[in-house]
Amino acid sequence: MLKKVSKLPFQGTECQAQAFADVIAQYKSDPSQLMTVMQKAQQIYGYLPFEVQAMIADGMDVPLEKVYGVSTFYAQFALSPAGKHSISVCLGTACYVKGAQAILDRITELLGIGPGECTEDGLFSLDACRCIGACGLAPVMMIGEKVYGNLVPEQVEGILAAYRDQ
Amino acid sequence: MALTTVQLDDLRTHALAQMTPGRSGLAMRIVVGYATCGIAAGAKAVIESLRKELAVLGIDDVAVEETGCIGMCQYEPLVEVFAPDQPKITYVQMNAEKTARMVHSHVANGKVVAEYTIGAATGEAAQGEVLPLDSTAFYKKQQRVALRNCGVIDPERIEQYIARDGYQALKKALTELQPADVIQILKDSGLRGRGGGGFPTGLKWSFTAANAADQKYVVCNADEGDPGAFMDRSVLEGDPHAVVEAMTICGYATGASEGYVYVRAEYPIAVKHLETAIEQATALGLLGDDIFGSGFGFRLHIRLGAGAFVCGEETALMTSIEGKRGEPRPRPPYPAVKGLFGKPTTENNVETFANIPQIILHGARNFAATGTEKSKGTKVFALGGKITNTGLVEIPMGTTLREIIEDIGGGIPGGKKFKAAQTGGPSGGCIPESMIDTPIDYDNLTAIGSMMGSGGLIVMDEDNCMVDIARFFLDFTVDESCGKCSPCRIGTKRMMEILDKITAGKAVMEDLDKLEELAYHIKENSLCGLGQSAPNPVLATLRAFRDEYVAHVRDKRCPAGVCKALLNYYVIADKCRGCTACARACPVGAIRGKVKEVHDIDTDKCIKCGACMATCRFGAIEKR
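Here it is as structure tokens:
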């Protein structure tokens, strides 16, 4: 799976740098915790640009190549920033057989972006995910932490509009 | 403080009284299903309303608790009321208003609101009557072993687990049994791995036990990557202590002092409940050094996955715990010899572990009384897709697929016809209608070209295209192939290209033979289970639904009307006014018809540009 790499310049805050330093201090003695550090770094910065990967490599004392290898292997690690509202449409089996593709197509039609992309205004980013385990409510999508279940394509416009107005 | 065996029993007696209405000053106990599905359906508003209304009425002898998955996903949010000397009442599809009415009527005045209960929702109870949950068609044929505490206890309170005989199996193992006895009980029970492989658990443990080493490990595989399966999530969310207890027993039996649970990061609630369980067990000395004064010590750690399906393969999972790219290793050496960090390791999946305390406590014979000759006990399935009752079901091995779909699942909604059931996810196959009466066990499912898998069971009806479904699963494995070995990395991609040709209507009949040949090569030559099973969905559908493939290839037609490239444009006669707008818009002159007469599209000439559909003001053009 090829990952999209952001061309936006990386900007970190003082506060993020401090939180990151705490994470490194906690885990640097155990090299098997590399993924834990990367997960926490992604929580702090929202994504893992090369600058942050280099900081992780330095902090954990492993080659950057190893950090890059792990970050591109696992789907969870993002190399580009997410939109203000990240939309994740479940394309797990249960959702797929109940028409999740039509939900995804409708979002693409409305926002003009495909999976893995972010709208130009930075408001929405779209992803197709593999099962969030809420199969009983299929088809489902998540916007941020909120789960929307039993969807039909006609509902999508109204749901997105509510986020636009926020 | 480390608990003694006597203190454990005291705690059990006390905790049981605490959660039994009519004792310890408790008038009623109300539990709300608070697992992922419940929360997504709005359980938070329900619990808030419960607390608020009870406060308004000044009722303080009713306990309001959260519990794990009760199992009936599409009826969430679920609320269950336990009162002294009464069967429990199950309210379904609750919201804040319904909850308020229920509190004022049922809790305050003892009058059950029958129309909100499960029997009314499923239509099984006569008007005004209340049907207990266990008498519904959905529950009647189930037998809960692995899920016995899910939806019954508050998973974040260790005392409720202890009240339900929790940690009694650990006590029995550490104080009455030798490690070899524990393994013998498991062997006698006939328990087989619930992650899909079906390897005998007792035998697996005996391999690790036989290898002497300074350090050994126990690993729990909770990287439930099969899309459409959520059994492990439900067990971890609803009964995390069962896994903690079983892993500790495994450590004792195999001589390991450290354990790791590898959980998907996509399951935040499962992770949280597991963290809480480990903290609570450690605080009571049920984890740590010298448990029950036996001299045996065990520690448990959690590692989060990061979204790689291949990490469900045991060697890849261990590589991932070590903080590396989760690529599988060749076997042998097997994990029992050289596993996590190069040390002997026992790995089992969540559901397998969840069965173990019950086996130790009640004996091998009791467990083996359920099931078929070679598959003992029960199996949890996540029932989903085109089925009336979606949810989590636990059935005795040997139950037929028909019983699951028609009796428990309530059949296919909308009067549609059953086409196939998919088990085993991207590694499994489809079971067509002709095989629906096969009793489910490991060997039968393999024999009919599918597999048990971890327990995802997706039902498909006549509107699902089997070629499209095979393509869907292959798309998944192409995406998730780790790239280490070429049969899987390149072969699945080539299979995908052939399927793309088929669904686009560009394939020839020879492509079907090529597809099949390639599939067998990949199965035989791939390094790990992912590659070896990746072609299964294609092979299974080719076997059972070859006519659908042929329709796509030879007739350029998708019988289910799913594959977009194979759809044709038609005029709906009732809506056509004969305005000729479409005929004028058609760039290839494929539309015939006179003014004020119904038009007709020549599908042979049509290039499917869609100009007619865009032009028609009466919605008289359809694609099917």
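Just so you know, the sequences run in chain order A and B.
Numbering of the first sequence is given in my numbering, commencing with residue 1 and proceeding in unit increments.
Numbering of the second sequence is given in my numbering, commencing with residue 1001 and proceeding in unit increments.
Glycine residues also receive a C-beta, built at the ideal position from the N, C-alpha and C atoms.
Just so we're clear, the structure is a prediction, and the values are computed from it rather than from any experiment.
Work out the CA separation of residue j and residue i for me, nearest whole Å.
| i | j | result |
| --- | --- | --- |
| B:Ala1063 | B:Val1006 | 28 Å |
| B:Arg1325 | B:Ile1158 | 35 Å |
| B:Pro1084 | B:Asp1223 | 40 Å |
| B:Arg1543 | B:Ala1420 | 13 Å |
| B:Ala1382 | A:Ala94 | 10 Å |
| A:Pro115 | A:Ile87 | 9 Å |
| B:Glu1394 | B:Leu1133 | 15 Å |
| B:Ile1405 | B:Ser1234 | 21 Å |
| B:Met1496 | B:Val1478 | 8 Å |
| B:Leu1008 | B:Gly1288 | 16 Å |
| B:Leu1527 | B:Ala1242 | 33 Å |
| B:Val1337 | B:Lys1376 | 27 Å |
| A:Val97 | A:Gly133 | 15 Å |
| B:Leu1567 | B:Arg1624 | 5 Å |
| B:Cys1563 | B:Asp1468 | 7 Å |
| B:Met1094 | B:Ala1246 | 35 Å |
| A:Leu104 | A:Val156 | 9 Å |
| B:Ala1447 | B:Gln1018 | 50 Å |
| A:Ala162 | B:Val1310 | 38 Å |
| A:Phe73 | B:Cys1482 | 8 Å |
| B:Leu1191 | B:Asn1149 | 20 Å |
| B:Gly1068 | B:Asp1154 | 7 Å |
Can you check DSSP and say which residues form a bridge with residue i?
| i | result |
| --- | --- |
| B:Val1081 | B:Ile1030 and B:Ile1089 |
| B:Pro1439 | B:Thr1400 |
| B:His1362 | According to DSSP, B:His1362 bridges with nothing at all. |
| A:His85 | A:Phe124 |
| B:Asn1149 | Beta-bridge pairing links B:Asn1149 to no other residue. |
| B:Asp1460 | According to the sequence as given, residue 1460 of chain B is Met; it is not Asp. Paired residue(s): B:Ala1420. |
| B:Pro1200 | B:Arg1192 |
| A:Cys118 | A:Ser125 |
| B:Glu1622 | B:Tyr1570 |
Going by DSSP in three states, residue i sits in which element: helix, strand or coil?
| i | result |
| --- | --- |
| A:Met142 | strand |
| B:Cys1488 | helix |
| A:Thr13 | coil |
| B:Pro1155 | coil |
| B:Arg1325 | coil |
| B:Leu1117 | It should be noted that the sequence gives Thr, not Leu, for residue 1117 of chain B. Residue state, collapsed to three classes: strand. |
| A:Pro49 | coil |
| B:Phe1298 | strand |
| B:Ile1469 | helix |
| B:Cys1616 | coil |
| B:Val1431 | Looking at the sequence itself, residue 1431 of chain B is Ile, so the reference to Val does not match. It is a strand residue. |
| B:Ala1336 | coil |
| B:Asn1349 | strand |
| B:Gly1384 | strand |
| B:Ala1222 | strand |
| B:Cys1558 | coil |
| A:Ile113 | coil |
| B:Glu1124 | coil |
| A:Ile159 | helix |
| B:Leu1527 | coil |
| B:Leu1286 | coil |
Thinking residue i and residue j are a contact (beta carbons under 8 Å), I'd like their distance in whole angstroms, please.
| i | j | result |
| --- | --- | --- |
| B:Ala1308 | B:Ala1265 | In fact, because the Cβ distance is near 11 Å, the residues do not count as touching under 8 Å. |
| B:Gly1238 | B:Ala1041 | Contact flag wrong, Cβ pair sits at about 16 Å. |
| B:Tyr1091 | B:Thr1117 | 6 Å |
| A:Gly169 | B:Thr1388 | Here chain A has residues from 1 to 166 only, and residue 169 of chain A is not among them. |
| B:Ser1427 | B:Ala1229 | No, B:Ser1427 and B:Ala1229 are not in contact; Cβ-Cβ is about 11 Å, not under 8 Å. |
| B:Glu1313 | B:Phe1341 | Their Cβ separation, rounded to whole angstroms, is 18 Å, which puts B:Glu1313 and B:Phe1341 out of contact at 8 Å. |
| B:Ala1573 | B:Cys1612 | With a Cβ gap of about 15 Å, B:Ala1573 and B:Cys1612 do not count as contacting. |
| A:Phe10 | A:Glu51 | 4 Å |
| B:Arg1331 | B:Thr1319 | B:Arg1331 to B:Thr1319, Cβ: 13 Å. No contact. |
| B:Ile1030 | B:Val1081 | 5 Å |
| B:Ile1431 | B:Asp1461 | Contact doesn't hold; Cβ gap of about 14 Å is too wide. |
Next on the checklist: Quick test of the definition: if touching needs 3 or more C-beta pairs under 8 Å, does the stretch 1509 to 1521 of chain B touch the stretch 1532 to 1546 of chain B?
Outcome noted: yes
Checklist entry - Does the stretch 1435 to 1443 of chain B touch the stretch 1395 to 1412 of chain B, meaning 3 or more C-beta pairs lie closer than 8 Å? => result Cβ pair count under 8 Å is three or more, so yes.
Checklist entry - With contact counted as at least three CB pairs below 8 Å, one residue from each stretch, are the stretch 58 to 67 of chain A and the stretch 34 to 41 of chain A in contact? => result Yes, since at least three Cβ pairs between the stretch 58 to 67 of chain A and the stretch 34 to 41 of chain A fall closer than 8 Å, the two stretches touch.
Item to check | Stretch-stretch touch, CB-based, cutoff 8 Å, three pairs: the stretch 1248 to 1257 of chain B with the stretch 115 to 124 of chain A | outcome: no
Item to check | Cβ pair count under 8 Å reaching 3, the stretch 1117 to 1130 of chain B against the stretch 1052 to 1059 of chain B | outcome: no
Checklist entry - When the Cβ atoms of the stretch 1590 to 1599 of chain B are set against those of the stretch 1545 to 1565 of chain B, are three or more pairs found closer than 8 Å? => result Verdict: no, contact absent.
Checklist entry - Pairing CB atoms from the stretch 1208 to 1217 of chain B with CB atoms from the stretch 1267 to 1285 of chain B, are three or more of them under 8 Å? => result no
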